[in-house]
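Student:
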Amino acid sequence: MMGAALSGGMLPSGPLMLAIPEISLACAACLILLCDVYFGAGRRGLTATLTMVALTVGVALTGQYGLTTQRFLLFNGLYVTDSLAGFLKMGGFVAMATAVFYSQDYLEQRGMRGGEYYVLCLTALLGIFVLISANSLLTVYLGLELLSLSLYALVAFDRDSGIAAEAAIKYFVLGAIASGVLLYGMSMLYGLTGTLDLDQLSNTVRRGPDAALMIGIAFVVAAIAFKFGAVPFHMWVPDVYQGAPTSVTLYIATVSNLGSFALILRLLTHGMAGAPAIWTQMLMALAVLSLLVGNLGAIAQTNIKRMLAYSAIANAGFVLLGFATGNTSGYQAALIFTVAYVITTLASFGMILMLSRSGFEHEEIADFKGLATRDPLLAAMMLALMFSTAGVPPFVGFWAKLWIIQALLGGGHVWLATFAVLVSVIGAFYYLRVVWYMYFDAPGERPVPEARPRMRLILLLNTAAVTLLGLLPNTLLSICQRVIP
Amino acid sequence: MQQLGLLSVVIWLPIAGGLVTLGFGDQRARAARWAALVSSLLTLAACVPLYAGFADGTAKFQFIERLAWIPALRSQYYLGVDGISLPLILLTAFMTVPVIIAGWSEIDKRPAQYYAAFLIMEGLMIGVFSALDSLLFYFFWEAMLIPMFVIIGVWGGPRRVYATLKFFLYTFLGSVLMLVALIYLYLKTGDYSIAAMQQLPLTLTEQRWIFIAFLLAFAVKVPMWPVHTWLPDAHVEAPTGGSVILAAIMLKMGGYGLLRFSLPITPDASHELDWLMVALSLIAIVYIAFVALVQQDMKKLVAYSSIAHMGFVTLGAFLVFYIMAATGSAQGAVNGLDGALVQMISHGLISGALFLCIGVMYGRLHTREISAYGGVINVMPRFGAFMVLFALANSGLPGTSGFIGEFLVILASFKASFWFALLAASILVVGAAYNLWLVKRVIFGEVANPQVAKMQDLNPREFLVLGVLALAVLLLGIWPAPMLNMMEASVQHLLQQILTSKLPGAA
Chain L
3 MMGAALSGGM LPSGPLMLAI PEISLACAAC LILLCDVYFG AGRRGLTATL
53 TMVALTVGVA LTGQYGLTTQ RFLLFNGLYV TDSLAGFLKM GGFVAMATAV
103 FYSQDYLEQR GMRGGEYYVL CLTALLGIFV LISANSLLTV YLGLELLSLS
153 LYALVAFDRD SGIAAEAAIK YFVLGAIASG VLLYGMSMLY GLTGTLDLDQ
203 LSNTVRRGPD AALMIGIAFV VAAIAFKFGA VPFHMWVPDV YQGAPTSVTL
253 YIATVSNLGS FALILRLLTH GMAGAPAIWT QMLMALAVLS LLVGNLGAIA
303 QTNIKRMLAY SAIANAGFVL LGFATGNTSG YQAALIFTVA YVITTLASFG
353 MILMLSRSGF EHEEIADFKG LATRDPLLAA MMLALMFSTA GVPPFVGFWA
403 KLWIIQALLG GGHVWLATFA VLVSVIGAFY YLRVVWYMYF DAPGERPVPE
453 ARPRMRLILL LNTAAVTLLG LLPNTLLSIC QRVIP
Chain H
883 MQQLGLLSVV IWLPIAGGLV TLGFGDQRAR AARWAALVSS LLTLAACVPL
933 YAGFADGTAK FQFIERLAWI PALRSQYYLG VDGISLPLIL LTAFMTVPVI
983 IAGWSEIDKR PAQYYAAFLI MEGLMIGVFS ALDSLLFYFF WEAMLIPMFV
1033 IIGVWGGPRR VYATLKFFLY TFLGSVLMLV ALIYLYLKTG DYSIAAMQQL
1083 PLTLTEQRWI FIAFLLAFAV KVPMWPVHTW LPDAHVEAPT GGSVILAAIM
1133 LKMGGYGLLR FSLPITPDAS HELDWLMVAL SLIAIVYIAF VALVQQDMKK
1183 LVAYSSIAHM GFVTLGAFLV FYIMAATGSA QGAVNGLDGA LVQMISHGLI
1233 SGALFLCIGV MYGRLHTREI SAYGGVINVM PRFGAFMVLF ALANSGLPGT
1283 SGFIGEFLVI LASFKASFWF ALLAASILVV GAAYNLWLVK RVIFGEVANP
1333 QVAKMQDLNP REFLVLGVLA LAVLLLGIWP APMLNMMEAS VQHLLQQILT
1383 SKLPGAA
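Chains as they are written, first to last, in my numbering: chain L, 3 to 487; chain H, 883 to 1389.
Dropping the structure here:
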């Protein structure tokens, strides 16, 4: 579907300029690390500011040079850039900038002032970008490892927290196994086809069911499922979401999701485009299980981060359902869903960060009790976010689910669509519980949230985006349609 | 592509008013109250040209607005009204005003949020009735759940959380299946407009499944037996205004959906399954009326009586096929449909008024137990008169609007089968029983306890609200012709749609 041409069009401004997002990020990461070492001590917020500058510059440079409407292959076919890559990378920049904005105060208050934090976030983003533009199994692996290793370190960033260390170890051990699994699967694919190039793979992998091919794809799918946190490879998700500092959870839940999306898009829908029957079946099973386990598991949670972790598992199920259709409208639906989910989840975790203070982690769902009396504005925004995630109009989450269901029905999967809407009714319950605590319960002794006007403004803009994209979704929908032709 | 027009005003004006009200905040409750009242009155005023400009005698949609909304989904911002939806829109705008006034002194907990929720509800409900694009319809239909969820949960009674979660999840479950059906239809027509779906030929199997999906959504809203159990809980726990809106308007959405979607889109499945619908309606009419008889709580009694009355709506709508089979007379079928529609409007007025009456008493004595009252007429003569009027209207007394709807439906059911008519008419007896018994226990008799003796009669505000509703009930009962004329052409058109088979090859 991505156009299987081996060579792209003519390069407009030299190959390097098309890779400007990655280049600018890599340079920025190195520079910021140096600046932090030499000037960072004593100057609070310097690295954070520099990071924001770097992201802004990255957006500007990418907008100027990095966007194409054609498909180009760079670096001997290892690297591909197309309109989808441009869209996802711009999204990555914006999402990370928002995440950094939300995290600043939180990190400051907890004494996590190390500039490495931002550098690791930048390298993780670089990993995501490499994944987005990967056109070879090697590039895929390179991007994935860059992303994962940065994330492991970030999860353990709060050195004194036992629970964070535990989460990081779990994440690392399971992640390492997943990487091994991926490499094993890739080696089988290489053994069968003799190529690492995804374009060539998509042309070669066309033969009918072949045991070795099936096993190879199964390994690759397992590694992808791990990255998505899809059942039965979801064990790390609740622990990491809960154990990691909230700002890192925010990053994993949002920015990193773009990476997972790119991973499945390049590896399966492009690389394995010749044998969709094999992997769509697997994805379907993963999706059904994720929807069930995620939605049922979330009901039992009392910790909001853990609840959102299970919700992430359930939402991964929705994205996988989109891919499981094996057709373009399904991939578009998955992209729309991912974008809507990232926008909404950014604000949801931003809200948790907003409500946390020094010495107080706003982690229990019960901490939301009476928020409507303590702070009507924040409560109204959280209400919008929860209903959006539950898929109720007039918020963007509704359109995301609508497209997935439409793609499923278009592919003839009536029962799968019915199943998906029914479990989302179960899912509605735990989002409603947050609203219930905020609106129906008395605040008790819980304090009024801090003012923080700047953060409030960004949260407000973010929530306004969730609502506006819900009222007038056409722009988002048509962009997503355009970038996946 | 038509420009934005009157219908958009009626939808978005209350929503904007709601946001303004919200902006005043709970600290400036007075300003918020006035902002809410002004918005609801302006909305009602905007309905006047809608009523005046509506041309009777055509089934075509009027006041059409058609703008590009989501070209990516071929869905349009497409509004319009016909004789079926206009009365419901007028009812919505009309009933919101008393709701705002009823909360004037009663609500002191987060008043701005209270009024804002009702105004936003109003806009969304009018949106449901005027949407001619099914995706837009669904958009309003679902969005409406959010303010109602908050209204019951924040301002409701002791078990409000249970009630509101039950309400939300029940209705959400019903509507997501409708969404699947709508998308399925869209994939066949390539267009979300309701008219295209109504013209689409469908096999019987498809129609059956779509009918069931629609039925789940609409039956929960109506509510039909046996999916009615959320209603008594929601009603009892909701604040007065919430009960009024629930009974007067939200239940009508189920009836409206059956008339606008189920019957015209899946006529053959409706024909095939009409025995089921008629059976469920009769069960609701007869059985639920007896359930109402034994209630101890006034709100629960009115809630169950609502379910029984809505049974007439579904009965009137689905008798069509029996009547056509038995007599072949289109007039009988039209009577049934007319009755269903009049019943919706009339029930909206009467049940809303009854809930307001209960709210008046609850505001003074803080209990809804029937046994706590007695002899209210001795201390509140004016209130007593209103209460008796509405209770009699609720039991279908000639001269009130309650009579017209029930009479038309029973008339139609005689044409279908004597036994249907007998069963349906039995509600006149049972209905009179529970209404009169309620009046006897609450209004008449000796003053039951010292607290009742201290109750104050209606204040001018309450008098105004109940007086206007009483006038409306009587007016519609004595002179229903304007409304019947308004509906006539649309009902004829609907009947044609229902009786035209959509099976491939039938046309």
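Even for Gly, the Cβ is constructed at its ideal location relative to N, Cα and C.
Given a cut-off of 8 angstroms, decide if Val1160/H and Leu1097/H are closer than it, judged by their beta-carbon atoms.
Tutor: For the purposes of this step, residue 1097/H is taken as the residue at position 215 of the second sequence. For the purposes of this step, residue 1160/H is taken as the residue at position 278 of the second sequence. Their beta carbons are not under 8 angstroms apart, which means Leu1097/H does not touch Val1160/H by this criterion.
Student: Thinking C-alpha only, which one of Phe421/L, Arg456/L, Pro451/L is nearest Leu1393/H?
Tutor: Outside the shown range of chain H (883 to 1389) lies residue 1393/H, about which nothing can therefore be said.
Student: Name the chain L residues whose beta carbon is nearer than 7 angstroms to that of Ile952/H?
Tutor: In the second sequence, counting from the first residue as 1, residue 952/H sits at position 70. Under the 7 angstroms cutoff, chain L gives Pro475, Asn476, Leu479.
Student: May I ask which residues mark the beginning and end of the alpha helix (DSSP H) holding Leu886/H?
Tutor: Here residue 886/H corresponds to residue number 4 of the second sequence, with the count starting at 1. Careful: Leu886/H lies outside any alpha helix (DSSP H) and carries neither H nor E.
Student: With distances taken between CB atoms, is the gap from Arg1264/H to Asp1339/H smaller than 8 angstroms?
Tutor: Translated into the one-based positions of the second sequence, residue 1264/H becomes position 382. Translated into the one-based positions of the second sequence, residue 1339/H becomes position 457. Cβ distance < 8 angstroms, so Arg1264/H and Asp1339/H count as in contact.
Student: What residue range is occupied by the uninterrupted alpha helix (DSSP H) comprising Gly1035/H?
Tutor: Residue 1035/H sits at position 153 when you count from the first residue of the second sequence. From DSSP, the alpha helix (DSSP H) with Gly1035/H extends over 1027-1037.
Student: Counting only Cβ pairs nearer than 8 angstroms, list the residues of chain L close to Glu1288/H.
Tutor: Along the second sequence, read from residue 1 onward, the residue named residue 1288/H stands at position 406. Result: empty, since nearest Cβ-Cβ is about 36 angstroms, beyond 8 angstroms.
Student: Ends of the beta strand (DSSP E) at Phe945/H?
Tutor: Locating residue 945/H in the second sequence gives position 63, where the first residue counts as 1. It spans 944-952 - the beta strand (DSSP E) in which Phe945/H sits, taken as one unbroken run.
Student: When you compare the CB of Tyr441/L with every CB in chain H, is at least one pair closer than 8 angstroms?
Tutor: Within the first sequence, the letter at position 439 stands for residue 441/L. Judged by the 8 angstroms Cβ criterion, Tyr441/L is in contact with chain H.
Student: Which of the three DSSP states, helix, strand or coil, is assigned to Thr1111/H?
Tutor: Position 229 of the second sequence, counting from 1, holds the residue named residue 1111/H. Thr1111/H: coil per DSSP, three-state reduction.
Student: Looking at the unbroken beta strand (DSSP E) that takes in Thr83/L, where does it start and where does it end?
Tutor: Taking the first sequence and counting its residues from 1, the one referred to as residue 83/L is at position 81. From DSSP, the beta strand (DSSP E) with Thr83/L extends over 81-83.
Student: Could you tell me the distance, in whole angstroms, from the CA atom of Leu385/L to the CA atom of Glu110/L?
Tutor: Locating residue 385/L in the first sequence gives position 383, where the first residue counts as 1. Locating residue 110/L in the first sequence gives position 108, where the first residue counts as 1. If you take the alpha carbons of Leu385/L and Glu110/L, they lie about 28 angstroms apart.
Student: Distance check for Ala167/L and Gly11/L, CA to CA, integer angstroms please.
Tutor: For the purposes of this step, residue 11/L is taken as the residue at position 9 of the first sequence. For the purposes of this step, residue 167/L is taken as the residue at position 165 of the first sequence. With a pLDDT of 49 at Gly11/L, under the threshold of 50, the predicted position of this residue should be treated as unreliable, though the coordinate-derived value follows. Each residue's alpha carbon lies about 48 angstroms from the other.
Student: Under 7 angstroms between beta-carbons, which chain H residues line up against Phe389/L? List them in chain order, please.
Tutor: The residue given as residue 389/L occupies position 387 in the first sequence. Chain H residues near Phe389/L: Ile1028.
Student: Would you verify that the beta carbon of Leu1098/H is, or is not, closer than 8 angstroms to some beta carbon of chain L?
Tutor: Taking the second sequence and counting its residues from 1, one reaches residue 1098/H at position 216. It does not; no Cβ of chain L falls within 8 angstroms.
Student: Specify the secondary structure class of Gly1245/H as computed by DSSP and reduced to three states.
Tutor: Here residue 1245/H corresponds to residue number 363 of the second sequence, with the count starting at 1. The answer is helix: DSSP assigns Gly1245/H an H, G or I state.
Student: Assuming Ile315/L contacts Ser292/L under a Cβ cut-off of 8 angstroms, what Cβ separation, rounded to an integer in Å, is found between them?
Tutor: Within the first sequence, the letter at position 313 stands for residue 315/L. Within the first sequence, the letter at position 290 stands for residue 292/L. At roughly 5 angstroms, the Cβ-Cβ gap stays under 8 angstroms, so Ile315/L and Ser292/L are in contact.
Student: To be precise: take each residue of the region 411-439 of chain L, compare its Cβ to all Cβ atoms of chain H, and keep it if any distance is under 8 angstroms. Which residues remain?
Tutor: Cβ contacts with chain H: Leu411, Gly412, Val416, Ala419, Thr420, Val423, Leu424, Ser426, Val427, Ala430, Phe431, Leu434, Val437, Trp438.
Student: Among all the DSSP beta bridges, which residues are the ones paired with Ser138/L?
Tutor: For the purposes of this step, residue 138/L is identified with residue 136 of the first sequence, where counting begins at 1. Note: Ser138/L sits in a beta bridge opposite Asp199/L.
Student: Between which residues of its own chain and Ala1314/H is the CB-CB distance below 7 angstroms, once the five residues before and five after are set aside?
Tutor: Numbered from 1 along the second sequence, position 432 holds the residue referred to as residue 1314/H. Only Ser1277 meet the Cβ criterion.
Student: Of the choices Arg1041/H, Ala1174/H, Ile1127/H, Leu1238/H, whose alpha-carbon is the least far from that of Asp1115/H?
Tutor: Against the second sequence, residue 1115/H aligns to sequence position 233. The shortest C-alpha separation from Asp1115/H is found at Arg1041/H.
Student: Name the chain L residues whose beta carbon is nearer than 8 angstroms to that of Arg1042/H?
Tutor: For this step, residue 1042/H is matched to residue 160 along the second sequence. In chain order: Phe442.
Student: Would Met4/L be called buried (16 or more neighbouring beta carbons within 10 Å of its own) or exposed?
Tutor: Counting from one through the first sequence, the residue named residue 4/L turns up at place 2. A caution first: Met4/L carries a pLDDT of 38, below 50, which makes its placement in the model unreliable, though a value can still be read off. That one is buried.
Student: How should Leu893/H be labelled, buried or exposed, when 16 other C-beta atoms within 10 angstroms of its C-beta is the threshold for buried?
Tutor: One-based indexing of the second sequence puts residue 893/H at position 11. The sequence shown places Ile at residue 893/H, not Leu. Ile893/H should be labelled buried.
Student: Write down every uninterrupted run of the beta strand (DSSP E) in the region 1147-1210 of chain H whose length is 3 residues or greater and which is fully enclosed by it, in chain order.
Tutor: Those beta strand (DSSP E) runs which fall completely within the region 1147-1210 of chain H and span 3+ residues do not exist here.
Student: On the criterion of 16 or more Cβ atoms from any shown chain inside 10 Å, does Leu33/L qualify as buried, or is it exposed?
Tutor: The residue labelled residue 33/L in the question sits at position 31 within the first sequence. Looking at its Cβ environment, which holds fewer than 16 other Cβ atoms inside 10 Å, Leu33/L is exposed.
Student: Which residues in chain L sit within 8 angstroms of Glu1024/H, going by Cβ to Cβ distance?
Tutor: Here residue 1024/H refers to the residue found at position 142 when the second sequence is read from its first residue. Ordered by position in chain L, the residues that pass the 8 angstroms Cβ test against Glu1024/H are Val394, Pro395, Phe400.
Student: Looking only at its own chain, which residues have a Cβ that is under 8 angstroms from the Cβ of Ile1360/H, when we skip the five neighbours before and after it?
Tutor: Taking the second sequence and counting its residues from 1, the one referred to as residue 1360/H is at position 478. Within the same chain, Ile1360/H has close Cβ partners Gly1281.
Student: Is the region 1012-1031 of chain H close to the region 957-975 of chain H, with three or more CB pairs under 8 angstroms?
Tutor: Flag = yes, the region 1012-1031 of chain H and the region 957-975 of chain H touch.
Student: Roughly how many whole angstroms lie between the Cα atoms of Asp443/L and Gln408/L?
Tutor: Start at 1 with the first residue of the first sequence, and residue 443/L comes out as number 441. Start at 1 with the first residue of the first sequence, and residue 408/L comes out as number 406. Cα to Cα, Asp443/L sits roughly 38 angstroms from Gln408/L.
Student: For chain H, find out if any of its Cβ atoms is closer than 8 angstroms to the Cβ of Ile406/L; answer yes or no.
Tutor: For the purposes of this step, residue 406/L is taken as residue 404 along the first sequence, with counting starting at 1. Closer than 8 angstroms: no.
Student: Hey, would you say Met1180/H sits closer than 8 angstroms to Ile1259/H, going by beta carbons?
Tutor: For the purposes of this step, residue 1180/H is taken as residue 298 along the second sequence, with counting starting at 1. For the purposes of this step, residue 1259/H is taken as residue 377 along the second sequence, with counting starting at 1. No, the Cβ-Cβ distance between Met1180/H and Ile1259/H is not below 8 angstroms.
Student: Mind checking who Arg362/L pairs with in its DSSP beta bridge?
Tutor: Here residue 362/L refers to the residue found at position 360 of the first sequence. Contrary to the premise, residue 362/L reads as Phe rather than Arg in this sequence. In the DSSP output, where bridge partners are listed per residue, Phe362/L has Arg359/L.
Student: Can you tell me the Cβ-Cβ gap for Trp486/L and Leu322/L, rounded? I've got them flagged as a contact below 8 angstroms.
Tutor: By 1-based counting over the first sequence, the position of residue 486/L is 484. By 1-based counting over the first sequence, the position of residue 322/L is 320. At residue 486/L the sequence reads Ile, which differs from the Trp that was named. At roughly 16 angstroms, the Cβ-Cβ gap does not stay under 8 angstroms, so Ile486/L and Leu322/L are not in contact.
Student: Quick check: the region 121-137 of chain L against the region 20-37 of chain L, are at least 3 beta-carbon pairs closer than 8 angstroms?
Tutor: They touch, by the three-pair rule.
Student: Counting only beta-carbon atoms, is Met883/H nearer than 8 angstroms to chain L?
Tutor: Looking up residue 883/H in the second sequence gives position 1. Summary for Met883/H: the model assigns pLDDT 47, below 50, so the residue's position carries little reliability; its value from the coordinates is reported in the next sentence. Met883/H does not count as touching chain L.
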